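One structure is given below, encoded as C-alpha cells.
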Amino acid sequence: MSQSYDRGLVEDFGRWREFSAGMWAWVFHKFTGWVLVGYLFTHIAVLSTAISAAGQTQAIAAENDVYTTVIVALESLLVVRILEVGLLAVAVFHILNGCRLLLVDLGVGLESQDKSFYASLILTGAIVVASVPTFLAGVF
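No gaps in the numbering here: position 34 of the sequence shown is 34 in the numbering used here, and each next residue is one more.
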C-alpha cells in the first residue's frame, strides 16, 4: 500500500512571493517556450490557408496572389504589429535565458545566476524597446 504525503495546500497561490530569481527564470523560460510552440502552430495554420494548391505563377509575379494578399492584410493591422513585438520579446528572452542555462550547465557563472537572469531581462527589454519603431513603422 502506498503512503500518502501531506503536500500542503496545492492551491496556495501566495507562494509566488517566495520565488527566487532562479524560479522566476524557470517559470518564464517554460512560459516563453510554450508561447513559441503555440506561435509555430498558428504560423503554420495561417500560412497553409494562405497558400493555394494551384500554381499561380502569373498572380505571384503580379503580387496579387492569395498569400501576398493575406500577408499584406495582416501586416496592416496594429494588433498584429503589437503581437510581433511581443513575439520578439518572447523569442529574445527565451534565447538569452537558454544561453544563460547552457553556461550554467557548463559550470560558468554558477555564483552569479541571479545577476545573469536580471541581465537577460534587461537586455531583452533593451532589444525590444530599440526595435519597436521598426515594427510599428508601416502602421501609422
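Ideal Cβ positions, reconstructed from N, Cα and C, are used throughout, including at glycine.
These numbers come from a predicted model, not from an experiment.
Which of the three DSSP states, helix, strand or coil, is assigned to residue i?
| i | result |
| --- | --- |
| L36 | helix |
| G109 | coil |
| S48 | helix |
| F19 | coil |
| G138 | coil |
Give the range of the alpha helix (DSSP H) segment to which residue i is assigned.
| i | result |
| --- | --- |
| F117 | 113 to 135 |
| V72 | 66 to 75 |
Among the options, which one has its Cα closest to the Cα of residue i?
| i | options | result |
| --- | --- | --- |
| V139 | R81, A91, D65 | R81 |
| A178 | T124, S112, L136 | Residue 178 lies beyond the range of the chain shown here (1 to 140); nothing can be said about it. |
| L87 | R17, Q3, G33, M23 | G33 |
| N97 | T42, E18, V27 | V27 |
Check: Is the segment 87 to 98 touching the segment 123 to 131, taking contact as three or more C-beta pairs under 8 Å?
Finding: Yes: the two stretches touch, three or more of their Cβ pairs being nearer than 8 Å.
>> Within 8 Å, do at least three Cβ pairs link the segment 96 to 110 to the segment 62 to 79?
In response: Result no; under three Cβ-Cβ pairs closer than 8 Å.
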